[in-house]
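Worksheet for the structure shown next.
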Amino acid sequence: FGILLKDLKTQEDTFVVCIKLLNELSKPYETQQGKISLSFNIGLSFFPDDAKTAKDLINKAQIALADAKTKGENQVGFFRKQIEQESSRKLKLKAELELALLNNEFIIYYQPYVDKNKKISGAESLLRWKKGANIISPGEFLPILEETSLIVDVENNLFEQVLKDIKEFNIVRYIPISINLSLQSLMLKHIKDLIITNLKYHNVDETLLKIEILERAFLNDFNYIKRLIDEFRQNGIYFALDDFGTGYSSLSYLTRLNVEFLKIDISFIKDLQNDKTKNIVKSIIYLAKSLNIKTIAEGVEELLQFDTLKSMDCDYFQGYLFYKPMPKDKFFELLKNGG
Ligand code: C2E
Ligand code: CA
Ligand code: CA
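Next comes the structure, spelled out in structure tokens:
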């Protein structure tokens, strides 16, 4: 049999379909002579990665099928081994992440940002996965959370936690906290109401919450995001443009988006000794100033970078030179001791 699967979101989804197929097909068949069990094997190839013509695609699927048969009955084989390994790794991770959500293993680290006098002006909440004794950074699992709708639930939980934490921080110091919101969360119909209702419920001042969004979030639907930013702003909640300068940034966006902060991407800061880069950063800061937008430099690790950025009149600085992301209790202690 040949089966054509169309419009699947991810390559590992084919794997899920195959397992379901095999489960169904391997159920016994009732015949007049009694029950008959059959075994099946499946070979997979992908268009256009593995082959570009129908004939070639079938050939590659047949090679994959031969490989599946060497593994035994009811097995799935991929034309490319890499995909096979990647698919099963992702599926395993997906299952682990679903459990992690149920078990409240997602926690928040806080990373302060400072002003020109190194005084803490605010902090960013950053997702971590507490897996046993290990603390895992989002780079390893965020793409999977985003592929599934899990990210929405994770961010919702984090937000609740952030609100509780803000109240505690507030006892020792009035300090704004930023959350990172994925495109999926931003696209929720009721996202604005959800956030505003929660702020009210927890009795948290709306000026204490900042929302960071990535540039690629508004490439999809610029007008929707623009409207969202404006509506939030009317309610006293301000946005920051994250990772500014990476990829598709267009300066015309900047003039049209009503954001409070612009976060200059770490890649520029790393390359600040390069004169060209230095001039770009200078221009970004200059432009932001003229639009009344405050700038935060990300990933400041060296004193020289700090001095250079200060001389360009950058407003805020975030990076290992000052503070690394830290657990809530540590951040609370820091605030208590004057930060
Ligand atoms: P981001 O929003 O750009 O966050 C800054 C990242 O840079 C953080 O990585 C932080 O630990 C790291 N960093 C800070 N200072 C320095 C430095 O001086 N040097 C270097 N090399 N790195 C520095 P982290 O915590 O691993 O987070 C990675 C990304 O994951 C974040 O990048 C953000 O895009 C995403 N993320 C984190 N939490 C959430 C969340 O709750 N929701 C969503 N959608 N994304 C999140
Ligand atoms: Ca961020
Ligand atoms: Ca960033």
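For the sequence shown, the numbering used here begins at 808 and goes up steadily by one.
Note that beta-carbon positions come from the ideal geometry of N, C-alpha and C, so glycine has one too.
8 Å contact criterion, which residue i and residue j should meet: CB distance rounded
{"i": "F886", "j": "A871", "result": "4 Å"}
{"i": "E1038", "j": "K999", "result": "6 Å"}
{"i": "K1089", "j": "M1119", "result": "5 Å"}
{"i": "I1036", "j": "E1013", "result": "With 8 Å as the limit, I1036 and E1013 do not qualify as a contact, their Cβ atoms being about 14 Å apart."}
{"i": "L1098", "j": "T1062", "result": "6 Å"}
{"i": "Q918", "j": "K1131", "result": "7 Å"}
{"i": "F853", "j": "E975", "result": "About 50 Å separates the two Cβ atoms, so there is no contact after all."}
Near ligand 5: residue i beta-carbon under 7 Å from a heavy atom
{"i": "K1077", "result": "In the structure on display, ligand 5 does not appear, and the ligands it does have are ligand 1, ligand 2 and ligand 3."}
Same chain only: Cβ atoms within 8 Å of residue i, ignoring 5 sequence neighbours per side
{"i": "P835", "result": "K842, I843, S844"}
{"i": "D1113", "result": "The sequence shown places Phe at residue 1113, rather than the Asp named in the question. These residues qualify, in order along the chain: V1107, F1124, L1128."}
{"i": "E1105", "result": "D1050, K1070, I1071, D1072, I1073, I1076, Q1125, G1126"}
{"i": "I1003", "result": "E1013, N1042, I1044"}
{"i": "V1066", "result": "I1036, Y1045, F1046, A1047, L1048, I1100"}
{"i": "R1040", "result": "F1046, N1065"}
{"i": "I826", "result": "V883"}
{"i": "Q840", "result": "none"}
C-beta atoms of residue i and residue j nearer than 8 Å
{"i": "F913", "j": "L949", "result": "no"}
{"i": "F1029", "j": "A1047", "result": "no"}
{"i": "V883", "j": "L851", "result": "yes"}
{"i": "K1033", "j": "H1009", "result": "no"}
{"i": "A930", "j": "I986", "result": "no"}
{"i": "D874", "j": "K867", "result": "no"}
{"i": "S928", "j": "Y916", "result": "no"}
{"i": "I1018", "j": "L1058", "result": "no"}
{"i": "N910", "j": "S833", "result": "no"}
{"i": "L829", "j": "T821", "result": "no"}
{"i": "N1027", "j": "L990", "result": "yes"}
{"i": "K1083", "j": "T1115", "result": "no"}
{"i": "T817", "j": "E954", "result": "yes"}
{"i": "K923", "j": "K1117", "result": "yes"}
{"i": "G809", "j": "I890", "result": "no"}
7 Å Cβ shell around residue i - same chain, five flanking residues per side excluded
{"i": "A1143", "result": "A quick correction: the sequence has Lys, not Ala, at residue 1143. Excluding positions up to five away in sequence, the list reads V979."}
{"i": "L908", "result": "L957, D960, V961"}
{"i": "E819", "result": "S894, K897, L898"}
{"i": "L952", "result": "L904, I958, V961"}
{"i": "K937", "result": "E912, I914"}
{"i": "L812", "result": "T821, V824"}
{"i": "I943", "result": "R935, W936"}
{"i": "K901", "result": "I951, T955"}
{"i": "Q869", "result": "G850"}
Cβ neighbours of residue i in the same chain (closer than 6 Å, five flanking residues each side left out)
{"i": "A1095", "result": "L1069, T1102"}
{"i": "I973", "result": "I984, V1011, L1015"}
{"i": "C1121", "result": "I1092, T1102, A1104"}
{"i": "L1021", "result": "D1049, D1050"}
{"i": "P945", "result": "L934"}
Residue interval of the beta strand (DSSP E) (run including residue i)
{"i": "Y1045", "result": "1045–1051"}
{"i": "F847", "result": "Element bounds for F847: n/a, residue is neither H nor E."}
{"i": "I1018", "result": "1016–1021"}
{"i": "I943", "result": "941–943"}
{"i": "I927", "result": "927–938"}
{"i": "K876", "result": "Per DSSP, K876 belongs to no beta strand (DSSP E); it is in the alpha helix (DSSP H), 861–877."}
{"i": "I1071", "result": "1068–1071"}
{"i": "E880", "result": "First-last for E880: undefined, no H or E at that position."}
{"i": "T838", "result": "836–838"}
{"i": "I1036", "result": "No beta strand (DSSP E) holds I1036; the alpha helix (DSSP H) holding it covers 1029–1041."}
{"i": "K1101", "result": "1101–1104"}
Continuous alpha helix (DSSP H) stretch holding residue i: start and end
{"i": "P919", "result": "Note, P919: premise wrong, no alpha helix (DSSP H); beta strand (DSSP E) at 913–921."}
{"i": "T955", "result": "Note, T955: premise wrong, no alpha helix (DSSP H); not H, not E."}
{"i": "A902", "result": "888–909"}
{"i": "M1092", "result": "It should be pointed out that residue 1092 corresponds to Ile in this sequence rather than to Met. 1082–1097 is the span of the alpha helix (DSSP H), which, as asked, contains I1092."}
{"i": "S992", "result": "990–993"}
{"i": "I1002", "result": "998–1008"}
{"i": "N830", "result": "818–832"}
{"i": "S985", "result": "Counting along the chain, S985 falls outside any alpha helix (DSSP H), though it belongs to the beta strand (DSSP E) covering 984–987."}
{"i": "K1117", "result": "1110–1118"}
{"i": "K1143", "result": "1135–1143"}
{"i": "R1063", "result": "1058–1063"}
Contact with chain B by residue i, beta-carbon distance below 8 Å
{"i": "C825", "result": "In summary, chain B is missing from the structure at hand, where a single protein chain is found."}
| Any heavy atom of ligand 2 nearer than 5 Å to the CB - residues listed | N987, E1019, D1049
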